[in-house]
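Visitor: These protein sequences, in sequence, are chains A and B.
Just so we're aligned: 149 in this note's numbering is position 31 of the first sequence, and the numbers increase by one with no gaps anywhere.
Just so we're aligned: 980 in this note's numbering is position 44 of the second sequence, and the numbers increase by one with no gaps anywhere.
Backbone N, C-alpha and C define an ideal beta-carbon position, used for all residues, glycine too.
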Amino acid sequence: MPTEKKFSLFIACDEAQHSCNKSQYNEASILEKAKLSIHLLFCRACQKYSSNNGKLTKLMKKQKIESFNSSEKNKMEEIFQQQLKNTKE
Amino acid sequence: MAEHKIDPNKWIKNYSDYLLNYTVVRVDSRELAKDLVQETFFAGLKSMKNFKGEASERTWLISILKRKIIDHYRKTNSNKGKAEVRMSFSNDSENEGDWMESRVSDPYATNAENDIENTELGLAIQNCLSKLTEKQRSIFKMKTIDNFDTEAICNEFEISSSNLWVIIHRARTSMAACMETNWF
Chain A
119 MPTEKKFSLF IACDEAQHSC NKSQYNEASI LEKAKLSIHL LFCRACQKYS
169 SNNGKLTKLM KKQKIESFNS SEKNKMEEIF QQQLKNTKE
Chain B
937 MAEHKIDPNK WIKNYSDYLL NYTVVRVDSR ELAKDLVQET FFAGLKSMKN
987 FKGEASERTW LISILKRKII DHYRKTNSNK GKAEVRMSFS NDSENEGDWM
1037 ESRVSDPYAT NAENDIENTE LGLAIQNCLS KLTEKQRSIF KMKTIDNFDT
1087 EAICNEFEIS SSNLWVIIHR ARTSMAACME TNWF
């Protein structure tokens, strides 16, 4: 018989890291954030994970990353493959 | 002894974004950067026989790209290039009628140090991104850079949301570890 999960404010590291990831994208609920904050009070490893995760988010926002969109890439790939074919011939 | 092999079929998939970022900060125009990257791939194809395998494919392509960028600088600084009048009025209808003064850049908004830091940061991020698996890289980029919804990414890759968060977790852990050694 399936047992109901007991409500607890204390969570394991994997759940804390999951909440931490979600909060980087503003997708964590208030309850998840509260549980994460409690977990971070006593877990050194997750404190480090959370700190590095926050730094990563900050850097990704700070830096404007340019990338080709898929249609640009497809178009370039098409022309390139044609050139490649001509080179081989 | 040749350690690196050349495989042009994977160039666009693996290196186009890295080369684009490398170029954009040097030529200040995305369109021009796009053309230079494309020219680099074509030049790479022509000189494939010269690839000795001593450096990685990416390093080799960067060396070709550097020459393309230098050629571009030379062209714009030649007498003929200087004689060309470049006025780029906005074609954007929203900004139509705006005073030219408002389009002048703010000298306090950026400085050389910021530019250098941003250039290096961009390349460090690209370098770390290139170490992820293809699936992790695509999903991480869609989620973090392009800000796609979780649902949209799940539909695109036909994965469940818990699967997506596992991939994001692995990508972020790997990115953070890589950035920690190179940047933090």
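(1) Does the stretch 135-143 of chain A come close enough to the stretch 152-168 of chain A to have 3 or more Cβ pairs within less than 8 Å?
(2) Output the distance between the C-alpha atoms of S1038 (chain B) and S999 (chain B), rounded to the nearest integer angstrom.
(3) Spatial neighbours of F1084 (chain B) within its chain, please: CB distance less than 7 Å, with the 5 preceding and 5 following residues excluded, ordered by chain position.
(4) How would you call Y1009 (chain B), buried or exposed, if buried means at least 16 neighbouring beta carbons within 10 angstroms?
(5) Taking the beta carbon of N957 (chain B) as the centre, do at least 16 other beta carbons fall within 10 Å, making it buried, or is it exposed?
(6) What is the DSSP secondary structure of S1038 (chain B), reduced to helix, strand or coil?
(7) Hey, does W1101 (chain B) have any beta-carbon neighbour from chain A nearer than 8 Å?
(8) Would you list, in chain order, the members of the stretch 1104-1115 of chain B that have their beta-carbon closer than 9 Å to a beta-carbon of chain A?
(9) Indicate the three-state DSSP secondary structure (helix, strand or coil) for C161 (chain A) in the structure shown.
(10) Assign K180 (chain A) to one of three DSSP states: helix, strand, or coil.
(11) Tell me whether A146 (chain A) sits in a helix, a strand or coil according to DSSP, three-state version.
(12) Distance, Cα to Cα, N1099 (chain B) vs T1069 (chain B)?
(13) Could you tell me the alpha carbon to alpha carbon distance between M984 (chain B) and W947 (chain B), rounded to whole angstroms?
(14) Is F160 (chain A) buried or exposed, if buried means 16 or more other CB atoms sit within 10 Å of its CB?
(15) So, does the CB of L149 (chain A) fall closer than 8 Å to a CB anywhere in chain B?
(16) Quick check: what's the CA-CA separation for S185 (chain A) versus D132 (chain A)?
(17) Counting only beta-carbon atoms, is K191 (chain A) nearer than 8 Å to chain B?
Guide: The structure says:
(1) yes
(2) The residue labelled residue 1038 (chain B) in the question sits at position 102 within the second sequence. The residue labelled residue 999 (chain B) in the question sits at position 63 within the second sequence. Low local confidence applies: a pLDDT of 49 at S1038 (chain B) is under 50, so the model's placement there is unreliable, and no value is given.
(3) For the purposes of this step, residue 1084 (chain B) is taken as the residue at position 148 of the second sequence. The residues are M1078.
(4) In the second sequence, the residue the question calls residue 1009 (chain B) occupies position 73. When all chains shown are included, Y1009 (chain B) counts as exposed.
(5) Here residue 957 (chain B) refers to the residue found at position 21 when the second sequence is read from its first residue. If you draw a 10 Å sphere on the C-beta of N957 (chain B), you find 16 or more other C-beta atoms in it, and that means buried.
(6) Residue numbering aside, residue 1038 (chain B) sits at position 102 when the second sequence is read from its first letter. Summary for S1038 (chain B): the model assigns pLDDT 49, below 50, so the residue's position carries little reliability, and this model does not support an answer.
(7) Numbered from its first residue, the second sequence carries residue 1101 (chain B) at position 165. It does: the Cβ of W1101 (chain B) has a partner Cβ on chain A nearer than 8 Å.
(8) Listed by position along the chain: I1104, H1105, R1108, T1109, M1111, A1112, A1113 and M1115.
(9) Residue mapping note: residue 161 (chain A) aligns to position 43 of the first sequence, counting from 1. Here C161 (chain A) sits in coil by DSSP.
(10) For the purposes of this step, residue 180 (chain A) is taken as the residue at position 62 of the first sequence. In this structure, K180 (chain A) counts as helix in the three-state DSSP scheme.
(11) Counting from 1 along the first sequence, the entry for residue 146 (chain A) is found at position 28. Of the three classes helix, strand and coil, the one that applies to A146 (chain A) here is coil, per DSSP.
(12) Your numbering for residue 1099 (chain B) matches position 163 in the second sequence. Your numbering for residue 1069 (chain B) matches position 133 in the second sequence. Each residue's alpha carbon lies about 15 Å from the other.
(13) Mapped onto the second sequence, residue 984 (chain B) falls at position 48. Mapped onto the second sequence, residue 947 (chain B) falls at position 11. Approximately 12 Å between the Cα atoms of the pair.
(14) Looking up residue 160 (chain A) in the first sequence gives position 42. Flag for F160 (chain A) reads exposed.
(15) Along the first sequence, read from residue 1 onward, the residue named residue 149 (chain A) stands at position 31. Chain B has no Cβ within less than 8 Å of the Cβ of L149 (chain A).
(16) Position 67 of the first sequence, counted from the start, is the residue given in the question as residue 185 (chain A). Position 14 of the first sequence, counted from the start, is the residue given in the question as residue 132 (chain A). Looking at the two C-alpha atoms, the distance is approximately 32 Å.
(17) Along the first sequence, one-based indexing puts residue 191 (chain A) at 73. For K191 (chain A), the answer is yes, since a Cβ of chain B falls inside 8 Å of its Cβ.
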